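Quick notes on the structure that follows.
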Amino acid sequence: MKKETSISAIPVEELYKKKKSLQGALLGLGLVLLVATAIIIYLAFSSNMPKVLMIVPFCSSLTLLPVFMSLSQINTELKNRNAKS
């Protein structure tokens, strides 16, 4: 198994790569989630679909929370390193 390293041990170039890939993943997943939400809301009001199912896309947005937390940690570490330089 791959051993998890702390953010402070990762070189700056790697942090920028991780930041860029996390932002891309967040943007892609966010757009897919937004489209799915719009479709479910449309179907909920235009058909006999139960209105309770409208909760699903809003609750599924919580899956993006770990990505936001990781991105925040990387941004904080990059700011700390830039301040030290």
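The sequence shown begins at 10 in my numbering and counts up by one.
Just so it is clear, CB atoms sit at the ideal spot from N, CA and C, and this is done for glycine as well.
Quick caveat: nothing in here was measured; it's all calculated off a predicted structure.
Margin query: One question on the structure: do Met58 and Ile50 come within less than 8 Å of each other, judged by their Cβ atoms?
Written below: No, the pair does not count as a contact, with Cβ atoms beyond the cut-off.
Next item on the list: Put Met63 into one of helix, strand or coil per three-state DSSP.
Entry: Met63 falls in the helix class under three-state DSSP.
Check: So Ala96 is in the alpha helix (DSSP H); what residue range does that whole segment cover?
Finding: Lying before the first or after the last residue shown, residue 96 is absent from the chain, which here runs from 10 to 94.
Checklist line | Residues near Lys27 in its chain [Cβ-Cβ closer than 7 Å; skip 5 each side] | finding: Cβ neighbours of Lys27 within its own chain (closer than 7 Å, five residues either side excluded): Ile83.
Check: Rounded to a whole number of angstroms, what is the C-alpha to C-alpha distance between Ser15 and Ser56?
Finding: Approximately 50 Å, taken between the alpha carbons.
Checklist line | Secondary structure of Met58, DSSP reduced to three states | finding: Looking at Met58 - three-state DSSP - the assignment turns out to be coil, as it is neither helix nor strand.
Note to self: Under 8 Å, Cβ to Cβ, is there at least one residue of chain C near Asn91?
What the structure shows: Absent here is chain C; the protein component of the structure consists of one chain.
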